[in-house]
Structures are given as C-alpha cells and as structure tokens.
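One structure is given here, and the rest of the page talks about it.
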Amino acid sequence: MERLADHVDLLTGFPFKSASYTSDSSGTRLVRGDNVVQGQLRWENAARWPDDEQDGIDRYQLEPGDVVLAMDRPWIEAGLKYARIGKDDVPALLVQRVARLRAHSDLHQGFLFYLIGSQGFTDHVLAVQTGTAVPHISGKQILEFQFRLPSYTEQEAIAALLGSLDDKIEQNRRTARVLERLARAIFKAWFVDFEPVKAKAAGAASFPSMPQPTFDALPTTFTTTDHGPVPEGWKMGSLGDVIDIHDARRVPLSKRQREERRGVFRYYGAAGVVGHVDGYLFDGCFTLVGEDGTVYGDGDRPMTQYVWGQFWVNNHAHVLTGRAPWTTEHIYVLLQHVYIRPFVTGAVQPKLNQGNLKSVPIVMPPDPVAGSFGDIVEPLFQLLRHVEDESAKLADMRDLLLPRLLSGSIRAEVDHG
0 MERLADHVDL
10 LTGFPFKSAS
20 YTSDSSGTRL
30 VRGDNVVQGQ
40 LRWENAARWP
50 DDEQDGIDRY
60 QLEPGDVVLA
70 MDRPWIEAGL
80 KYARIGKDDV
90 PALLVQRVAR
100 LRAHSDLHQG
110 FLFYLIGSQG
120 FTDHVLAVQT
130 GTAVPHISGK
140 QILEFQFRLP
150 SYTEQEAIAA
160 LLGSLDDKIE
170 QNRRTARVLE
180 RLARAIFKAW
190 FVDFEPVKAK
200 AAGAASFPSM
210 PQPTFDALPT
220 TFTTTDHGPV
230 PEGWKMGSLG
240 DVIDIHDARR
250 VPLSKRQREE
260 RRGVFRYYGA
270 AGVVGHVDGY
280 LFDGCFTLVG
290 EDGTVYGDGD
300 RPMTQYVWGQ
310 FWVNNHAHVL
320 TGRAPWTTEH
330 IYVLLQHVYI
340 RPFVTGAVQP
350 KLNQGNLKSV
360 PIVMPPDPVA
370 GSFGDIVEPL
380 FQLLRHVEDE
390 SAKLADMRDL
400 LLPRLLSGSI
410 RAEVDHG
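So in numbering that gives the first Met the number 0 the end of the sequence shown lands on 416, straight run, no missing numbers.
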C-alpha cells in the first residue's frame, strides 16, 4: 500500500479577510468550504477577492484539474465535500481550511480525483477527523491515507473510463442549466418586462415565445399599481393566491433516525439533499423553498429547488405546488425573480416563515396567460427531468465501478496504442 503523502503536493488556503471581500463581479472567486460539495463546486453567493489586492497570493491560484477538499466538516450526510477545479471555475483562489491536492508525476491527476472520491478515502476521513461541534481534518491526516497504486497506464485508463461518465453527467448538467435559463428568460419577457404587450402596442402582430391566441388577447395599454405599471386587465396579488403549501406532510428525522433508516430515497433540506432514507413522503413534482438556515440563493433570491419523484423533506424547506392554472414549474421560475430579503426574519438564524412567503407580491396575469406559460415551459422541464434522471443512473454506474476499479477486482482496458 502507498501513502498519499508520497504522491501529492498538498496546500492549504490563505486566510483572506472577509472585510476585504468585494461584491464586484470582476473580482476573483474564493473557494471556501461552503463552496465545496459532493464532487463539484457550488458558486451561489461566492465571495470574491479584489483584483487590485493580488500581490503575494499567486501560490493560492487554483488550476484546472486541482482537487480540493473541505477540512472543516469534510463529510456531511450528503457525502464527502470534495471537488475538481474545472476550466470554467478559474480564476479562483484557495481559502484557509480547504486543501488543494496536485499529483506528482507518478500519479495521474484524474485518478487522484476518483481516489479522493472513493469510499475508502471517506472511511479514512471519518476514522481520523476530530472535533464534535465542527469535525475537522488536518493536512497531515489527509496525507496519511493509504491506497493501492496501479501502474500509470492503468490509472489513465481508470480516469478515462470514469471521466467519460462524468463528462456525460456534466453535459447533462449544462443542458439542464440552459433549459432553466430559457424558462427564466421567457418568464422575464412575459411577466417582468412585459415585452409581448409592448410589442403589440408598437404594432407587432406576434411575439416569438408566445402562442398566437395568447398574444391576440393581450392588451396594448398599462395601468398603475403600487408596485409599478402592469398590463391593463392584469393585477397585483400575493404568492399565496397561486400556490398550495404541503408543509404539514413534512416529517423531520434526527441524525440518529436517519442513520437507522438509511435507504435509497432522497432526504431534502433547505439547500439540497442531506441524506437518503428508507421511505418517502412526497411523489411528484414540487418546488422547495428554504425556510430557515439557508434561505438565500443568488442575489438575495430565495433558495429554491425543483424536485420530482419520490422523496422525503425535513422541516427546513417549504414544499409548494402551483394552483391551476399556475404550474409548479411556473412557481419555481417566478421565485427566482423575487427579492426575498424583506420577508426574512431573524438576524442569527434567518427564517422565511409561511405567512411571509405567502405575502410576497406578484403580478397576476389572466388565467389563460398563466396557463399558456405553463404549457410553454412544461416541455423544457420534461427534458430537464429526463437528462437529470439519466445523470443519476450514470452516477450510480460510476459509483458501482469506482471501488472495483480501485481495488483491481475489475480492470480498466488499457490502450497500448
């Protein structure tokens, strides 16, 4: 068995002062422990470092292929907090309590990523981490990990095989993001900028994303409301007018209960999957909104998740569906255009209670327009669900192969050229 210390260069991050963080989007993103999730980086609300304060920190610049690992709470119920830096992630800087691993010449960098993502490394972390309130791991403990080292050509083959699955997963992830962006763009055009109404008022006979009967029924003038002008015949309402809330069906499980009830069904919290259990409470398509803890997404928008299938939800996320003709997908996209901060209470523990959520003001078009939007975006979300479900199957295949490839019980085919 080989020691990781003999095959990698490990660097821990720089103690960047939060007082100097910048909100300027041109600043360099900082990779903190909060940004590192299970096998990927999450850039929502990423902190940034000013471009004019880059002196003396060159060694903390990350490169594509670098493997990063959270050192505080390195493992949570959703899994190990590690990721690989991609081309789209740089420039980025390494922050303290995050470790960066680069392979020596005898270790393939792609193989290293899968080695760190293996159950064997997770078991090592769980065995050596210290601390109860905030479990943590040191650089020395990371480097003590022992593993079987295949030949370099076999490492390449393993990385290529697993990488081909991850490449397809990433392609699907990008497709899903494009589909979401398209749905948001249509929503913004129809219900924020009122472009179809303005186009009709200017003499247009149609609008690209809108069915002709819907366009023909649009007004050409606006009326004034407390929240600004809206098309004539439309009105202001509240989110509670168009949603059904299913919070009463939620059942929180303690950590011990979740450990005793481990299974295949996703267990959702405010910001994502936090574990898997042996049963489900919900079956279908729903929009989840963070209730407490993690309540903010990008730009003070609510933390939202579009979820489907069979799953469990704890009491940290509201569970919503749309009330016909408003679809659940319509609600999900709408919430991504809501500035939620005025509705959040609590300084230490932010909370978005049900009453405040229901009181969020929204523009309410006539039912036929709302129904038309639902019809337009449903195929987008149907495709999104398809590619995400495919990704889940590919990830299961990858996770099945990984321990067998690392142990040598099955061998990756080596291309001898």
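Glycine included, each C-beta is placed from N, C-alpha and C at the ideal position.
Based on Cα-Cα distance, which residue from 152, 151, 384 and 123 lies nearest to residue 138?
Taking the sequence shown and counting its residues from 1, the one referred to as residue 138 is at position 139. Closest option to residue 138, Cα to Cα, is 123.
Alpha carbon to alpha carbon, how far is residue 409 from residue 99?
For the purposes of this step, residue 409 is identified with residue 410 of the sequence shown, where counting begins at 1. For the purposes of this step, residue 99 is identified with residue 100 of the sequence shown, where counting begins at 1. In this structure, the CA atom of residue 409 is about 29 Å from the CA atom of residue 99.
My output table needs one value for residue 239: the three-state DSSP class, helix, strand or coil.
The residue you call residue 239 lines up with position 240 of the sequence shown. The three-state secondary structure of residue 239, taken from DSSP, is helix.
Figure out for me which residue from 397, 396, 380 and 392 has the closest Cα to the Cα of residue 180.
The count along the sequence shown starts at 1 and reaches residue 180 at position 181. Looking only at 397, 396, 380 and 392, the smallest Cα-Cα distance to residue 180 is reached by 380.
Please classify residue 350: does DSSP put it in a helix, a strand, or coil?
Locating residue 350 in the sequence shown gives position 351, where the first residue counts as 1. In the structure shown, residue 350 sits in a strand (DSSP, three-state: E or B).
With 16 other CB atoms within 10 Å as the buried threshold, where does residue 347 fall?
As a first step, residue 347 must be located in the sequence shown, where it is residue number 348. Residue environment: residue 347 is assigned as exposed (fewer than 16 neighbouring CB atoms within 10 Å of its CB, all protein chains considered).
Taking 7 Å as the cut-off, decide whether the C-beta atoms of residue 35 and residue 7 are in contact.
Within the sequence shown, the letter at position 36 stands for residue 35. Within the sequence shown, the letter at position 8 stands for residue 7. Against a cut-off of 7 Å, the Cβ pair of residue 7 and residue 35 comes out as no contact.
Can residue 275 and residue 296 be called in contact, C-beta distance under 7 Å?
For the purposes of this step, residue 275 is identified with residue 276 of the sequence shown, where counting begins at 1. For the purposes of this step, residue 296 is identified with residue 297 of the sequence shown, where counting begins at 1. Taking C-beta atoms as the reference points, residue 275 and residue 296 fail to come closer than 7 Å.
Contact defined as beta carbons within less than 8 Å: I believe residue 318 pairs with residue 249. What is the distance between those atoms, to the nearest angstrom?
As a working mapping, residue 318 is identified with position 319 in the sequence shown. As a working mapping, residue 249 is identified with position 250 in the sequence shown. Correct: roughly 6 Å between the Cβ atoms.
Between the alpha carbons of residue 195 and residue 210, how many angstroms are there, rounded?
Numbered from 1 along the sequence shown, position 196 holds the residue referred to as residue 195. Numbered from 1 along the sequence shown, position 211 holds the residue referred to as residue 210. Each residue's alpha carbon lies about 11 Å from the other.
Taking DSSP as the reference, what is the three-state secondary structure of residue 146?
Here the question's residue 146 lines up with position 147 in the sequence shown. Of the three classes helix, strand and coil, the one that applies to residue 146 here is strand, per DSSP.
DSSP bridge partner residues for residue 304 (one or two, in chain order):
Residue numbering aside, residue 304 sits at position 305 when the sequence shown is read from its first letter. In DSSP, residue 304 forms a bridge with 287.
Can you say whether residue 294 is buried or exposed, counting buried as having 16 or more other CB atoms within 10 angstroms of its CB?
As a first step, residue 294 is located in the sequence shown; it is residue number 295 there, counting from the start. Buried is the call here.
Pop quiz: residue 82 and residue 38 are said to be a contact at Cβ under 8 Å. What is the actual Cβ separation, rounded to whole angstroms?
Looking up residue 82 in the sequence shown gives position 83. Looking up residue 38 in the sequence shown gives position 39. That belief holds up - the Cβ atoms of residue 82 and residue 38 are roughly 6 Å apart, short of 8 Å.
Integer-rounded CB distance, given that residue 173 should sit under 8 Å from residue 390
Within the sequence shown, residue 390 is the residue found at index 391, counting from 1. Within the sequence shown, residue 173 is the residue found at index 174, counting from 1. So it is not a contact: roughly 11 Å between Cβ atoms.
Distance, residue 176 Cα to residue 225 Cα:
Indexing the sequence shown from 1 puts residue 225 at position 226. Indexing the sequence shown from 1 puts residue 176 at position 177. Going by the C-alpha atoms only, they are around 34 Å apart.
Buried or exposed for residue 259, please, with buried defined as at least 16 other CB atoms from any protein chain shown within 10 angstroms of its CB.
Here residue 259 refers to the residue found at position 260 when the sequence shown is read from its first residue. The residue is exposed, with fewer than 16 neighbouring Cβ atoms inside 10 Å.
So what's residue 175 in DSSP terms, helix, strand or just coil?
Locating residue 175 in the sequence shown gives position 176, counting from the first residue. Reduced to three states, the DSSP call for residue 175 is helix.
Cutting at 8 Å between CB atoms, please list the residues of its own chain near residue 128, excluding the five before and the five after it.
As a position in the sequence shown, residue 128 is number 129, starting the count at 1. Cβ contact annotation for residue 128 (same chain, cutoff 8 Å, sequence separation greater than five): 73, 74, 134, 135, 136 and 140, in chain order.
Nearest residue (CA-CA) to residue 111, options 154, 77 and 150
For this step, residue 111 is matched to residue 112 along the sequence shown. Ranking 154, 77 and 150 by Cα distance to residue 111 puts 154 first.
Run through the region 164-232 for me and flag every whole alpha helix (DSSP H) of 4 or more residues, listed as ranges in chain order.
Segments of the alpha helix (DSSP H) lying fully in the region 164-232: 194-200 and 211-215.
Segments of 4+ residues assigned as alpha helix (DSSP H) that fall wholly inside the region 95-155:
108-115, 118-127 and 138-142, all fully within the region 95-155.
Decide if residue 399 is buried, meaning its Cβ has at least 16 other Cβ atoms within 10 Å, or exposed.
As a first step, residue 399 is located in the sequence shown; it is residue number 400 there, counting from the start. With fewer than 16 other Cβ atoms within 10 Å, it is exposed.
Check whether the region 275-287 and the region 340-360 touch, using three or more Cβ-Cβ pairs below 8 Å as the test.
Cβ pair count under 8 Å is below three, so no.
Roughly how many angstroms lie between the CA atoms of residue 307 and residue 280, to the nearest whole one?
Stepping through the sequence shown from its first residue, residue 307 is reached at position 308. Stepping through the sequence shown from its first residue, residue 280 is reached at position 281. Approximately 12 Å between the Cα atoms of the pair.
From residue 223 to residue 76, what distance separates their C-alpha atoms?
Taking the first residue of the sequence shown as position 1, residue 223 is located at position 224. Taking the first residue of the sequence shown as position 1, residue 76 is located at position 77. The alpha-carbon of residue 223 is positioned some 50 Å away from that of residue 76.
Backbone secondary structure at residue 328 - three-state DSSP:
Residue numbering aside, residue 328 sits at position 329 when the sequence shown is read from its first letter. In the structure shown, residue 328 adopts helical secondary structure according to DSSP, grouped into three states.
Cβ separation of residue 267 and residue 304, assumed to be a contact under 8 Å, to the nearest whole Å:
Locating residue 267 in the sequence shown gives position 268, counting from the first residue. Locating residue 304 in the sequence shown gives position 305, counting from the first residue. With a Cβ gap of about 7 Å, residue 267 and residue 304 count as contacting.
Looking at residue 374 and residue 324, is the spacing between their C-beta atoms short of 7 Å?
Reading the sequence shown from its first residue, position 325 is the one you call residue 324. Reading the sequence shown from its first residue, position 375 is the one you call residue 374. Their beta carbons are not under 7 Å apart, which means residue 324 does not touch residue 374 by this criterion.
Residue ranges of each beta strand (DSSP E) within the region 340-407, 3 or longer
Those beta strand (DSSP E) runs which fall completely within the region 340-407 and span 3+ residues are 360-363.
Using the rule of at least 16 other Cβ atoms within 10 Å of the residue's Cβ for burial, across every protein chain shown, is residue 50 buried or exposed?
Counted from its first residue, the sequence shown places residue 50 at position 51. Classification of residue 50: exposed, given that the 10 Å Cβ count is below 16.
According to DSSP, what are the bridge partners of residue 28?
Position 29 of the sequence shown, counting from 1, holds the residue named residue 28. Paired residues: 47 and 91.
Go ahead and label residue 397 buried or exposed: buried means 16 or more other beta carbons lie within 10 angstroms of its beta carbon, across all protein chains shown.
For the purposes of this step, residue 397 is taken as residue 398 along the sequence shown, with counting starting at 1. Buried, by the Cβ-count rule.
Beta-carbon separation (whole angstroms), residue 52 vs residue 19, contact threshold 8 Å:
For this step, residue 52 is matched to residue 53 along the sequence shown. For this step, residue 19 is matched to residue 20 along the sequence shown. That belief holds up - the Cβ atoms of residue 52 and residue 19 are roughly 6 Å apart, short of 8 Å.
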